[in-house]
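Quick notes on the structure that follows.
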Amino acid sequence: MLQNLPNPPKAKQVPKALTIHGDVRQDPYFWLNNPEDPEVIDYLNQENSYTENVLKPTEALQNELFEEMKWRMVADEQSVPYFNGKDWFYHRYETGGEYPIYCRRKGYLDTPEEIILHGNQLGKEEAYFAVGGLALSDNEQILAYATDTVSRRNYTVYFKNLATGELLPDKIENTEGGSYAWSADSTYFFYLLRDPQTLLASKVFRHKLGTPSSEDVLVYEEKNEECYMGLSRSKSKEYIFSVSSQQGIYSEYRILKTNNPTGNFEVFQPGERGLEYFIEHQVDRFLIRTNHQDSTNFQLMACHVDGPTDKSAWKTVVAHRPDVFLEDFDATTEWIALEVKTNGLSRIQWIQGESNEFIRMDEEVFQVNIGINVDYRAKTLRYNYTSLTCPNSVLEYDGTTKKSTLLKEDRVLGGFEKNEYHSERLWATARDGMKVPISLVYKKGYQKGPLLLYAYGSYGYSMDPYFSSSRLSLLNRGFAFAIAHIRGGQEMGRHWYEDGKMMRKMNTFTDFIDCGNYLVNTGKVEAHRLFAQGGSAGGMLMGGIINMAPSLFAGVIAAVPFVDVVTTMLDETIPLTTGEWEEWGNPKKEEHYLYMKSYSPYDNVVAQDYPHLFVTTGLHDSQVQYWEPAKWVAKLRKTKTDNHILLLDCDMSAGHGGASGRYKRFKDIAKDYAFLIGINELISAQ
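When you line the sequence shown up against the UniProt record's numbering, it's residues 1 to 686, in that order.
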């Protein structure tokens with residue numbers, strides 16, 4: 001059983017006053033913002049040792065959970081092969097292997113397998129390893145691939161000769177993983193370079209194969225430090241797209257024909273504040289998903305490739321709908337597929353000739369999205385389906401027959417039977433009257449036991465109901481699991497996001513609290529057995545709700561939590577800060593500062609009882625720097641009035657996404673679940 005040890009670590013306090021707008025914030029733990037300081041590393045190691053000792057009684061349970069999760073996985077799993085118009089590609093795992101092996105079969109599926117990249121061989125000596133995108137040259141002779149061995153999401157690009165298996169001398173460092181494009185003649189390679197300090201990608205470079213990267217040509221630089229950049233190639237392979245965008249505010253595309261690689265990128269539609277658009281090429285036109293003409297939920301428009309491409313030439317293909325949010329789209333020469341949200345659920349709308357219909361789904365609660373459709377001339381659509389009770393599945397839709405064919409449903413070993421579990425959709429009423437959807441799953445027979453409530457609620461990211469084989473270990477031990485689809489995501493449309501950002505961010509916190517109260521009041525969970533979990537911006541959510549409603553939750557897991565909102569948003573040297581101002585606000589503006597300070601978890605820690613807390617971070621985290629959760633835990637230790645368990649677990653070799661590898665991640669999940677189960681047992685014993 002979990003129990004507190006007598007002497008948790010105590011971080012020293014060093015006076016530090018932070019002053020802006022005539023307001024002074026005291027931050028005695030500011031000194032932890034220095035990974036080069038041996039005293040900082042020593043403190044983090046002390047916290048890790050304390051966490052290890054507190055969780056020591058759960059070691060057997062952690063191992064049991066890990067083995068369960070591991071053995072549910074098919075050891076030699078293989079993805080569904082996809083066709084690029086010429087060859088078939090897939091990835092697979094070997095028994096015991098942590099990383100995928102990327103393969104090709106030329107022409108037909110029955111031709112011999114060719115391993116084009118062996119993840120296990122590349123990552124075997126690395127404490128952390130991730131592949132950040134593969135790009136095959138048009139002549140199919142050179143594979144460009146990128147790896148990250150630090151977990152800062154700075155990827156180094158290598159070039160492999162597939163005929164000989166040898167690496168070319170070309171090497172490009174500090175790139176944005178996956179944002180690459182080849183020229184049609186396979187001579188030039190375009191990429192985004194990241195700033196080593198801010199980690200923002202703001203420069204598009206052109207690399208000529210066979211030359212040193214020092215000779216690469218800068219073809220475009222984004223001067224607006226609030227913008228993120230993306231680089232991609234159209235499915236037709238005829239265009240390279242460079243896009244600069246601000247979250248929910250602005251976008252501007254530049255295009256270049258791939259058969260003219262030394263030419264200049266041309267602006268598609270000049271950027272305008274409030275105008276967002278996203279493009280793809282289809283035959284003789286560009287398709288455009290946009291909020292143009294006050295289309296809050298976006299509409300699909302088009303313009304001819306040979307005419308003007310600014311918004312004056314755009315014509316409506318699928319009009320704006322107030323009850324349907326157009327979230328994404330895909331197209332081939334044969335069809336258009338729209339990924340939409342309606343009534344809080346994802347759907348796929350198929351458009352081909354005179355046909356225009358939604359693909360049918362049978363469950364009440366599910367997630368569906370457009371899959372891998374690389375072949376520009378494909379007649380059928382690949383899509384992915386999952387639910388809280390159904391493993392991830394790949395299906396293929398034929399618009400002629402109106403039928404979907406199941407290509408693969410992930411196998412779950414260990415005796416899993418989907419009919420032993422039940423999912424449902426609930427609706428909580430928020431304090432302002434808004435109806436907030438909740439997706440709930442439990443093993444049949446569950447009756448008012450412990451429940452883990454999860455949410456994210458930022459950046460317009462919809463947290464759709466999804467299957468997790470590892471989650472079965474929690475459900476099988478009497479827990480229920482629920483996702484609160486709170487404002488800040490886009491589950492209910494674009495307004496759902498707008499109502500949960502900037503000066504309306506507080507709705508995110510109150511929605512989650514109201515969902516928790518609803519679950520208690522309707523008897524879905526015992527009042528003293530409600531647990532909560534969130535990561536990154538969802539970790540900030542956890543920090544906010546325990547300040548605002550600490551007695552509602554028995555225990556909370558805050559993973560890589562963004563908790564020092566004001567200080568981080570004031571420091572433009574911290575990676576990714578300037579690009580976040582349109583999400584949280586710019587605290588250099590007094591109105592934004594005061595509002596952010598009103599909910600910033602670190603700034604609002606007070607002398608009160610808090611739930612049991614398990615906080616995780618990574619020393620190399622590029623998204624949320626480790627010192628935010630470290631400072632937060634130190635301040636909580638000093639301030640809180642309870643004797644509840646408070647743990648900080650800092651992975652000294654990983655970053656924002658935690659451990660790399662297929663199985664290593666299960667150790668982290670097992671530790672999370674052991675904490676929850678341990679706290680639940682502790683409550684039962686009291």
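Heads up, the beta-carbon is just placed ideally off N, CA and C, and yes, glycines get one too. All values reported here derive from a predicted model rather than from experimental measurement.
- [ ] State the beta-bridge partners of residue 280 as determined by DSSP.
- [x] Beta-bridge pairing links residue 280 to 287.
Task: Residue of 556, 596, 553, 546 minimising C-alpha distance to residue 570 - done: Of the candidates 556, 596, 553, 546, the residue whose Cα lies closest to the Cα of residue 570 is 596.
- [ ] Using three-state DSSP, classify residue 632 as helix, strand or coil.
- [x] In this structure, residue 632 counts as helix in the three-state DSSP scheme.
Task: Helix, strand or coil at residue 696 [DSSP, three-state] - done: Residue 696 lies beyond the range of the chain shown here (1 to 686); nothing can be said about it.
Open item on the list: residue 143 and residue 160 - do their beta-carbons sit closer together than 7 Å?
Closed with: Yes, the Cβ-Cβ distance between residue 160 and residue 143 is below 7 Å.
TODO: Pull up the distance between the alpha-carbon of residue 430 and that of residue 503, whole angstroms please.
DONE: Taking the straight line from one Cα to the other gives about 18 Å.
- [ ] Starting from the C-beta of residue 506, find all residues in its chain whose C-beta is less than 7 Å away, skip the five residues before and the five after it, and write them out in chain order.
- [x] For residue 506, where only same-chain residues beyond five positions count, the Cβ hits under 7 Å are 599.
Task: Opening and closing residue of the beta strand (DSSP E) in which residue 481 lies - done: In the DSSP assignment, residue 481 falls within the unbroken beta strand (DSSP E) covering 480-484.
- [ ] Keeping to the same chain, check which residues put their C-beta closer than 7 Å to that of residue 487; ignore five residues upstream and five downstream.
- [x] So the list reads 457, 496, 499, 500, 507, 508, 511, once near-sequence residues are dropped.
Task: Alpha-carbon spacing of residue 56 relative to residue 673, whole angstroms - done: Approximately 14 Å, taken between the alpha carbons.
Task: Run of the beta strand (DSSP E) containing residue 337, from where it starts to where it stops - done: That run of the beta strand (DSSP E) goes 336-342.
Task: For residue 645, the three-state DSSP class (helix, strand or coil) - done: For residue 645, the three-state secondary structure derived from DSSP is coil.
Task: Nearest-angstrom beta carbon gap, residue 9 and residue 43 [assumed within contact, 8 Å] - done: Rounded to the nearest angstrom, the Cβ distance from residue 43 to residue 9 is 6 Å, consistent with a contact under 8 Å.
TODO: Name the residue from 289, 315, 607 whose alpha carbon lies nearest to the alpha carbon of residue 331.
DONE: Comparing alpha-carbon positions, the option among 289, 315, 607 lying closest to residue 331 turns out to be 289.
TODO: To the nearest angstrom, report how far apart residue 698 and residue 239 are at their CA atoms.
DONE: Residue 698 is absent from the structure shown; the chain starts at 1 and stops at 686.
- [ ] Check whether the Cβ atoms of residue 447 and residue 399 lie closer than 7 Å to each other.
- [x] Going by beta carbons, residue 447 and residue 399 fall outside the 7 Å limit.
TODO: Would you kindly check if the distance between the Cβ of residue 482 and the Cβ of residue 438 is under 7 Å?
DONE: Cβ atoms of residue 438 and residue 482: closer than 7 Å.
Open item on the list: For a test of the three-state rule: what should DSSP assign to residue 691, helix, strand or coil?
Closed with: Residue 691 falls outside the range modelled here, since the chain spans only 1 to 686, and no answer is possible.
- [ ] Would you mind sorting residue 108 into buried or exposed? The rule is 16 or more other CB atoms within 10 Å of its CB.
- [x] The residue in question, residue 108, is exposed, as its Cβ has fewer than 16 Cβ neighbours within 10 Å.
Open item on the list: For the beta strand (DSSP E) containing residue 103, name the first residue and the last one.
Closed with: Taken as a continuous stretch (DSSP letters only), the beta strand (DSSP E) holding residue 103 covers 101-105.
Open item on the list: With three or more C-beta pairs closer than 8 Å as the rule, is the segment 197-207 touching the segment 267-275?
Closed with: The segment 267-275, when compared against the segment 197-207, does not touch it at the 8 Å Cβ threshold.
Open item on the list: Using CA atoms only, rank isn't needed, just tell me which of 167, 31, 253, 374 is closest to residue 87.
Closed with: Looking at the Cα atoms, 374 is the closest of the given residues.
- [ ] Measure from the C-beta of residue 280 to each C-beta in chain D and report whether the shortest distance is under 7 Å.
- [x] Within the model displayed, chain D is absent; a lone protein chain is all it includes.
- [ ] Using 10 angstroms around the beta-carbon of residue 652, count the other beta-carbons present and answer buried if the total reaches 16, otherwise exposed.
- [x] With a 10 Å radius around the Cβ and a threshold of 16 neighbouring Cβ atoms, residue 652 comes out exposed.
Task: Which of helix, strand or coil DSSP assigns to residue 190 - done: Residue 190 sits in a strand when the DSSP states are folded into three classes.
- [ ] Would you check if the distance between the CB atom of residue 386 and the CB atom of residue 467 is smaller than 7 Å?
- [x] Yes, Cβ-Cβ distance for residue 386 and residue 467 is below 7 Å.
TODO: Report buried or exposed for residue 533, applying the criterion of at least 16 other Cβ atoms within 10 angstroms of its Cβ.
DONE: Counting of Cβ neighbours within 10 angstroms places residue 533 among the buried residues, the total reaching 16 or more.
- [ ] Could you check the C-alpha separation between residue 80 and residue 388 for me, to the nearest Å?
- [x] Spanning the two alpha carbons is a distance of roughly 22 Å.
TODO: Pick out whichever of 111, 589, 359, 428 has its Cα sitting closest to the Cα of residue 396.
DONE: Residue 396 has its Cα closest to that of 359, out of 111, 589, 359, 428.
- [ ] In angstroms with no decimal places, state the Cα-to-Cα distance between residue 694 and residue 296.
- [x] Residue coverage of the chain in this structure runs from 1 to 686, which leaves residue 694 outside it and unanswerable.
Open item on the list: Does residue 630 pass the burial test, meaning 16 or more other C-beta atoms within 10 Å, or should it be called exposed?
Closed with: Residue 630 comes out buried.
- [ ] Kindly give me the distance between the Cβ atoms of residue 679 and residue 612, rounded to whole angstroms, as I take these residues to be in contact under 8 Å.
- [x] Right, the Cβ-Cβ distance comes to about 5 Å (below 8 Å), so this counts as a contact.
- [ ] Reducing DSSP to helix, strand and coil, say where residue 598 ends up.
- [x] Looking at residue 598 - three-state DSSP - the assignment turns out to be helix.
Task: Close-in-space but distant-in-sequence residues of the same chain around residue 642 (CB under 7 Å, 5 per side omitted) - done: Answer for residue 642: 609, 610, listed in chain order.
Open item on the list: Contact between the segment 305-318 and the segment 361-381 is defined here as three or more beta-carbon pairs at a separation below 8 Å; is this criterion met?
Closed with: Here the segment 305-318 makes no contact with the segment 361-381; the two share fewer than three CB pairs at distances below 8 Å.
Open item on the list: Looking at the secondary structure, which residues open and close the alpha helix (DSSP H) in which residue 608 lies?
Closed with: Where residue 608 is concerned, there is no enclosing alpha helix (DSSP H), given that its DSSP letter is neither H nor E.
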